[in-house]
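Just so you know, the sequences run in chain order A and B. 13 is the number of the first residue of the first sequence in my numbering; add one for each residue after it. 406 is the number of the first residue of the second sequence in my numbering; add one for each residue after it. Glycine is no exception: its CB is placed at the ideal position from the N, C-alpha and C atoms.
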Amino acid sequence: MLDNHAKLLYFFSKAKQVTGRKKLQKMIYILQQCRVPFEEKYQFHFYGPYSEELTLRVEELCNLNFLNEEKEEKSNYHQYHYSITEDGATFLNQFKVNIPEIEDRISVLQDCSARFLELVSTVLYFSYLPREEIIDKVHTVKPKLKYTDEEMNEAFQFIDELQDKSSH
Amino acid sequence: MAYKDEQLIEEKVFKDPVHRYIHVRDRAVWDLIATPEFQRLRRIKQLGTTNLTFHGAEHSRFNHSLGVYEIVRRITNNFADRERWNREQRLLCLCAALLHDLGHGPFSHSFEKVFKLDHEQFTQKIILGDTKVNQILKKVSADFPEKVADVIAKTYSDKLVVSLISSQIDADRMDYLQRDAYFTGVSYGHFDMERILRVMRPMDDQVVIKSTGMHAVEDYIMSRYQMYWQVYFHPVTRSAEVILSKIFQRAKVLYEDDSYQFQLEPTHFISFFEEKVKLSDYLKLDDMIVYYYFQQWQEEKDDILADLCYRFINRHLFKYVEYNPDPQINAGMELYQLFKKAGINPEYYLVVDSSSDLPYDFYRPGEEEERLPIHLLMPDGGLKELSRHSDIVEAISGKKRTDHKLYFPKDRIQAIEDTDLKKRILDILYGKE
Numbered sequence: 013m014l015d016n017h018a019k020l021l022y023f024f025s026k027a028k029q030v031t032g033r034k035k036l037q038k039m040i041y042i043l044q045q046c047r048v049p050f051e052e053k054y055q056f057h058f059y060g061p062y063s064e065e066l067t068l069r070v071e072e073l074c075n076l077n078f079l080n081e082e083k084e085e086k087s088n089y090h091q092y093h094y095s096i097t098e099d100g101a102t103f104l105n106q107f108k109v110n111i112p113e114i115e116d117r118i119s120v121l122q123d124c125s126a127r128f129l130e131l132v133s134t135v136l137y138f139s140y141l142p143r144e145e146i147i148d149k150v151h152t153v154k155p156k157l158k159y160t161d162e163e164m165n166e167a168f169q170f171i172d173e174l175q176d177k178s179s180h
Numbered sequence: 406m407a408y409k410d411e412q413l414i415e416e417k418v419f420k421d422p423v424h425r426y427i428h429v430r431d432r433a434v435w436d437l438i439a440t441p442e443f444q445r446l447r448r449i450k451q452l453g454t455t456n457l458t459f460h461g462a463e464h465s466r467f468n469h470s471l472g473v474y475e476i477v478r479r480i481t482n483n484f485a486d487r488e489r490w491n492r493e494q495r496l497l498c499l500c501a502a503l504l505h506d507l508g509h510g511p512f513s514h515s516f517e518k519v520f521k522l523d524h525e526q527f528t529q530k531i532i533l534g535d536t537k538v539n540q541i542l543k544k545v546s547a548d549f550p551e552k553v554a555d556v557i558a559k560t561y562s563d564k565l566v567v568s569l570i571s572s573q574i575d576a577d578r579m580d581y582l583q584r585d586a587y588f589t590g591v592s593y594g595h596f597d598m599e600r601i602l603r604v605m606r607p608m609d610d611q612v613v614i615k616s617t618g619m620h621a622v623e624d625y626i627m628s629r630y631q632m633y634w635q636v637y638f639h640p641v642t643r644s645a646e647v648i649l650s651k652i653f654q655r656a657k658v659l660y661e662d663d664s665y666q667f668q669l670e671p672t673h674f675i676s677f678f679e680e681k682v683k684l685s686d687y688l689k690l691d692d693m694i695v696y697y698y699f700q701q702w703q704e705e706k707d708d709i710l711a712d713l714c715y716r717f718i719n720r721h722l723f724k725y726v727e728y729n730p731d732p733q734i735n736a737g738m739e740l741y742q743l744f745k746k747a748g749i750n751p752e753y754y755l756v757v758d759s760s761s762d763l764p765y766d767f768y769r770p771g772e773e774e775e776r777l778p779i780h781l782l783m784p785d786g787g788l789k790e791l792s793r794h795s796d797i798v799e800a801i802s803g804k805k806r807t808d809h810k811l812y813f814p815k816d817r818i819q820a821i822e823d824t825d826l827k828k829r830i831l832d833i834l835y836g837k838e
């Protein structure tokens, strides 16, 4: 019962604080692609892989007072900060969450910008294609972001390193 | 004449209760409708188990797919002379609209959850694989199947084309809201689509709405909100979905148990149980096949599978109570143990269902670029996000819209002979502690 909610709470308990909804979406997707068993279903949207299920589940966790959501005013948008509450931690303690060690990977992802995570998650989304085609695809679906060759290389290297961490 | 430009000698029409007529003139569209892969959609209900709540909801994915095609046909006609519209994209839009749900299987929501599948991937496989649909698309041009698949997957370069079929105000939603309202018989779900189509404008990477049409869009958002609570998230439908998931789950467990011998071998499901699904296996499944197994499995020796199938076939559904996991988490765990003690397997008979388990969504203003919001085209040529201009949409967007329900077979609880045990379970469920 509520296993998927518990898995997300476990993520938040390790991440301490996540800033930005986009960043949250991409972090969970990238972890999922590293075989961390989050079950939220993703589809490709304008801004890369996006899960409505994750958005709603986070909303549920906030409404249950298991997650704290803080809204910060930015110049032309709002930014959201998420952290687990005491009630959330109590709830989580009653579960045996079946998730491999993810703290290292979370901390690596936390240090990345949302723009970079958007690139990484988009590359992963097309990972069934050869490298050159992935690069073409990223430029096709995200022409406005104008990712440089350097960023592309960095993304591929980042994925290799992250997946290497997953296999240990 | 090239196949892509080929027109039927006479326009064909399908009579439709929502759009009155669905018009087909393109040879390619007509040929796609005739393929076995598209005809299969006649045998898959659009709303899965909703007909157990609203008996009229027997319409199919076939009806809906034609409806989406018709809406896109009207939009592309309206756009024909607009500056920002590329007329070369017309047939691509029509084919993508027609085929957007091609990969849906029977009761796909529950089915996909249990077997960890994604109908969108099957849509891609049908369009790109060795199928009749693929043969027809290739006749348009060698790269046409990829283009259609990309539009449906939202990875096509022209975002305007994608947004016609999938955005927060797209042809898909406009059709299913009206169609589902019509067939369920509810009075929500109606809005002035003709007006919306008239005020839609093509922009560089999305369709926007002329600000004078805002009230029609408000009506659309309201109907989406009401349909969510009144139809899509109806607790009785969810009860049927819960049972359906548990049937698939139980059948898989039994298949994996070497000591269990099915009375009726689950031939059609084996590749799903073994997670080696081929496209040909997938295309063989439809509502009829699933119902046949459920009907037969009522006679299985396994009590759980037989009982769950009986419940589904005869609409003997689980009851429910509101469930707030926060204060009640301990109660939930106690219930789990009490069910075990009573000989009612809680893995199958005590289920929490949450709003996030559903495939439908509300309008989101797209803060932090989560999803592209609906934009109004203001008189000065600027764009404004809908909820920043409409008080009604702003009010709805801020509403709490989550809930959790706990499902259980009340009849089984009432049949418990140990009166203390029975009382304790009922007290927890109905809050008499």
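With distances taken Cα to Cα, identify the nearest neighbour of residue i among the options.
i	options	result
residue 784/B	606/B, 433/B, 417/B and 510/B	606/B
residue 458/B	798/B, 428/B, 722/B and 485/B	722/B
residue 535/B	442/B, 751/B, 447/B and 820/B	442/B
residue 34/A	147/A, 165/A, 131/A and 176/A	131/A
residue 494/B	562/B, 472/B and 573/B	562/B
residue 729/B	473/B, 810/B and 488/B	810/B
residue 170/A	123/A, 140/A and 157/A	123/A
residue 787/B	579/B, 738/B and 615/B	615/B
residue 78/A	119/A, 49/A and 18/A	18/A
residue 796/B	644/B, 500/B and 627/B	627/B
residue 387/B	58/A, 13/A, 51/A and 29/A	Nothing can be reported for residue 387/B: it is not among the residues displayed for chain B, which extend from 406 to 838.
residue 423/B	545/B, 588/B, 714/B and 498/B	588/B
residue 806/B	438/B, 705/B, 485/B and 633/B	633/B
residue 512/B	682/B, 759/B, 649/B and 706/B	649/B
residue 491/B	451/B, 611/B, 585/B and 740/B	611/B
residue 26/A	141/A, 119/A, 153/A and 160/A	119/A
residue 49/A	62/A, 60/A and 16/A	16/A
Compute the beta-carbon to beta-carbon distance between residue i and residue j, rounded to the nearest angstrom, for a pair I have assumed lies under 8 angstroms.
i	j	result
residue 40/A	residue 66/A	6 angstroms
residue 496/B	residue 409/B	6 angstroms
residue 642/B	residue 455/B	5 angstroms
residue 93/A	residue 84/A	7 angstroms
residue 653/B	residue 624/B	Contact flag wrong, Cβ pair sits at about 38 angstroms.
residue 69/A	residue 20/A	6 angstroms
residue 126/A	residue 53/A	Actually they do not touch by this definition, with Cβ atoms about 21 angstroms apart.
residue 814/B	residue 741/B	Going by Cβ atoms, the distance from residue 814/B to residue 741/B rounds to 15 angstroms, so no, they are not a contact pair.
residue 546/B	residue 812/B	The pair is not a contact, with the Cβ atoms about 50 angstroms apart (cut-off 8 angstroms).
residue 702/B	residue 710/B	6 angstroms
residue 646/B	residue 460/B	17 angstroms between Cβ atoms; not a contact.
residue 757/B	residue 14/A	6 angstroms
Using a Cβ-Cβ cut-off of 8 angstroms (strictly less than) and excluding sequence neighbours within five positions of residue i, which residues of its own chain qualify?
i	result
residue 517/B	510, 523 and 524
residue 802/B	767, 768, 769, 770 and 792
residue 411/B	431, 432 and 433
residue 503/B	434, 437, 438, 443, 470, 471, 473 and 474
Report all residues from its chain with a CB closer than 7 angstroms to the CB of residue i; omit the five preceding and five following residues, and keep chain order.
i	result
residue 543/B	549 and 550
residue 577/B	473, 505, 570 and 571
residue 739/B	833
For residue i, I'd like the list of residues in its chain whose CB is within less than 6 angstroms of its CB, leaving aside the five on either flank, ordered along the chain.
i	result
residue 31/A	93
residue 427/B	419, 421, 471 and 475
residue 684/B	530 and 534
residue 799/B	792
Is any heavy atom in the ligand PLP found nearer than 7 angstroms to the beta carbon of residue i?
i	result
residue 589/B	Absence of the ligand PLP is noted for the structure shown, with no ligands found whatsoever.
Q.
Within 8 angstroms, do at least three Cβ pairs link the stretch 565-576 of chain B to the stretch 427-435 of chain B?
A. Contact between the stretch 427-435 of chain B and the stretch 565-576 of chain B is absent, because fewer than three Cβ pairs lie under 8 angstroms.
Q. Do the stretch 504-511 of chain B and the stretch 523-535 of chain B touch if we need at least three Cβ pairs shorter than 8 angstroms?
A. Proximity of the stretch 504-511 of chain B to the stretch 523-535 of chain B meets the contact definition, three or more beta-carbon pairs being nearer than 8 angstroms.
(Q) I want to know whether the stretch 695-707 of chain B touches the stretch 538-545 of chain B - three or more CB-CB distances under 8 angstroms. (A) Taking one beta carbon from each stretch, the stretch 695-707 of chain B and the stretch 538-545 of chain B have fewer than 3 pairs nearer than 8 angstroms; the two do not touch.
Q | Members of the stretch 85-97 of chain A that neighbour chain B once the beta carbon cut-off is set at 8 angstroms | A | The residues in question are 89, 90, 91 and 92.
(Q) To be precise: take each residue of the stretch 98-109 of chain A, compare its Cβ to all Cβ atoms of chain B, and keep it if any distance is under 7 angstroms. Which residues remain? (A) The stretch 98-109 of chain A vs chain B, Cβ under 7 angstroms: 99, 103 and 106.
Q. Just by C-beta distance, which residues in the stretch 427-455 of chain B are closer than 8 angstroms to chain A?
A. From the stretch 427-455 of chain B, no residue has a Cβ closer than 8 angstroms to chain A.
Q. For the 8 angstroms Cβ check, are there 3 or more pairs between the stretch 819-829 of chain B and the stretch 738-751 of chain B?
A. The stretch 819-829 of chain B vs the stretch 738-751 of chain B: in contact.
(Q) Output needed in chain order: residues of the stretch 586-617 of chain B with a Cβ under 9 angstroms from some Cβ in chain A. (A) Per Cβ criterion, the list reads 610 and 611.
**Q.** the stretch 554-585 of chain B: positions lying closer than 9 angstroms to chain A by Cβ
**A.** Going along the stretch 554-585 of chain B in chain order, one finds 555, 558, 559, 560, 561, 562, 564, 567, 568, 571 and 572 with a Cβ nearer than 9 angstroms to chain A.
Q) If we count Cβ pairs, one from each stretch, closer than 8 angstroms, do we get three or more for the stretch 477-492 of chain B versus the stretch 651-671 of chain B? A) Contact between the stretch 477-492 of chain B and the stretch 651-671 of chain B is absent: fewer than three C-beta pairs spanning the two stretches fall below 8 angstroms.
Q: Would you list, in chain order, the members of the stretch 67-79 of chain A that have their beta-carbon closer than 8 angstroms to a beta-carbon of chain B?
A: Taking 8 angstroms as the Cβ-Cβ cut-off against chain B, the residues of the stretch 67-79 of chain A that qualify are 67, 68, 69, 71, 72, 75, 76, 77 and 78.
Q: Pull out every residue of the stretch 707-732 of chain B whose Cβ sits closer than 8 angstroms to any Cβ of chain A, in chain order.
A: Per Cβ criterion, the list reads 729, 730 and 731.
**Q.** Touch test, the stretch 587-604 of chain B against the stretch 72-84 of chain A, Cβ-Cβ under 8 angstroms, three pairs minimum
**A.** Contact between the stretch 587-604 of chain B and the stretch 72-84 of chain A is absent, because fewer than three Cβ pairs lie under 8 angstroms.
Q: Quick one: which residues of the stretch 156-179 of chain A get their C-beta closer than 9 angstroms to a C-beta of chain B? List them in chain order.
A: If the cut-off is 9 angstroms between Cβ atoms, the stretch 156-179 of chain A has 156 near chain B.
Q. Just by C-beta distance, which residues in the stretch 32-43 of chain A are closer than 9 angstroms to chain B?
A. Here the close residues are 32, 33, 34, 35 and 37.
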